[in-house]
Amino acid sequence: MIMFDYKLLAALAAVVEQGGFERGAQVLGLSQSAISQRIKLLEARVGQPVLVRSARPQPTELGRRLLNHVQQVRLLEGDLQQWVPTLDDGAAPERLRLALNADSLATWWAHAVGDFCGERRVLLDLVVEDQEVGLKRMRAGEVAGCVCASPRPVAGGRCEPLGAMRYRGLASPEFIERHFPHGVTAETITAAPAIVYGPDDQLQHRYLKSLGVDGHFSYHLCPSSEGFVRMTSGGLGWGLVPEQQVQGELARGELLELLPGRVIDVPLYWHHWRNGGELLAALTAHLRRRAPALLVPIAQ
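When the letters of the sequence shown are read in order and numbered with our numbering, they come out as residues 4 to 303.
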């Protein structure tokens with residue numbers, strides 16, 4: 004039976020989580036050569052590669068399983084500290100690495116977890132992914148929990164419905180006057196530039212499909228929630244924006260709805276490991292209480 008050396012597993016986690024050997028070494032207080040040697044030793048002990056060496060190192064299938072193991076060990080060690088206080092030297096708060104979509108980070112997330120993190124002395128290490136694909140971080144073993152749009156849990160995980168984010172199709176008054184002087188139709192909206200968060204963002208596609216449009220349209224790519232709003236209010240294009248994020252702009256008339264009353268609700272789910280320990284269970288219970296008041300109900 005292989006007995007894991009957790010210094011080697013910590014090296015693997017640091018390289019993947021920090022996106023490279025140099026930054027991973029800095030986090031662990033090692034030289035780049037030393038962390039590279041630890042990865043090589045780990046691979047020698049398990050008999051196969053744990054990393055794909057690329058510009059941003061990626062775990063192999065075995066590497067993902069090892070990362071999953073590291074995440075759960077970290078959480079279980081946190082649980083033990085309340086029973087064995089000497090395990091905690093008091094030097095640092097507990098830390099949780101989580102994945103969530105950028106729009107949640109820009110709107111409701113901080114209001115939902117702020118008091119929890121303050122009371123429990125928890126530091127968050129957030130990985131931002133589109134709501135459609137964030138669960139891949141859980142599958143890769145890189146995070147302990149994830150907020151995303153998928154209702155299907157990963158193997159070994161659980162899924163909790165949180166609520167839905169409501170999106171409205173918006174543009175600046177000047178943009179609407181220039182591109183839709185006689186109203187929004189399937190023809191006029193495909194001719195006007197849209198704004199899309201990234202290659203995995205399908206919200207604009209869904210909005211167009213609801214108008215009977217299922218094909219190519221021109222768009223800007225803007226991988227920033229705040230930048231997305233600025234580009235929309237600046238008249239560069241139209242886009243689907245969380246209504247929570249633009250209450251002020253709507254009230255001041257800086258943004259207008261393309262088609263009043265036509266919304267898209269995106270359900271959000273909290274994914275976490277089934278055996279993630281007491282801290283993750285407490286965060287899950289906290290989100291179950293707080294998130295529904297900050298989101299709209301998921302349509303049945």
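Even for Gly, the Cβ is constructed at its ideal location relative to N, Cα and C. Here the structure is a predicted model, which is why all the values come from computation and not from measurement.
query	result
Beta-carbon spacing of G166, L253 below 8 Å	no
Euclidean distance between Cα positions of G159 and H275	9 Å
The region 217 to 235 contacting the region 135 to 146, beta-carbon criterion three pairs below 8 Å	no
V150 versus A37 - alpha carbon distance	35 Å
Cβ shell of P60 (< 8 Å), same chain only, five flanking positions each side left out	V18, V19, G22, G23, F24, L54
Three-state class that DSSP yields for D118 in the structure shown	helix
Identified DSSP bridge partners for H274	C149, C162
Q247 versus R169 - alpha carbon distance	8 Å
Local conformation of V53 per DSSP, three classes	coil
Whether L214 touches I198 by CB criterion (8 Å)	no
Integer-rounded CB distance, given that E97 should sit under 8 Å from L286	In fact, because the Cβ distance is near 11 Å, the residues do not count as touching under 8 Å.
Supposed contact pair W241 and G172 - C-beta distance, whole angstroms, cut 8 Å	6 Å
Pairwise C-alpha distance: P156 and P164	11 Å
Of the listed residues R161, Y210, Q29, nearest to L261 (C-alpha basis)	Y210
Sub-8 Å separation of P176 and L259 beta-carbons	yes
Distance between G251 and K139 (C-alpha atoms, nearest Å)	34 Å
CB-CB length for M234 against H219, believed under 8 Å	Actually they are not in contact, since the Cβ atoms of M234 and H219 sit about 20 Å apart, beyond 8 Å.
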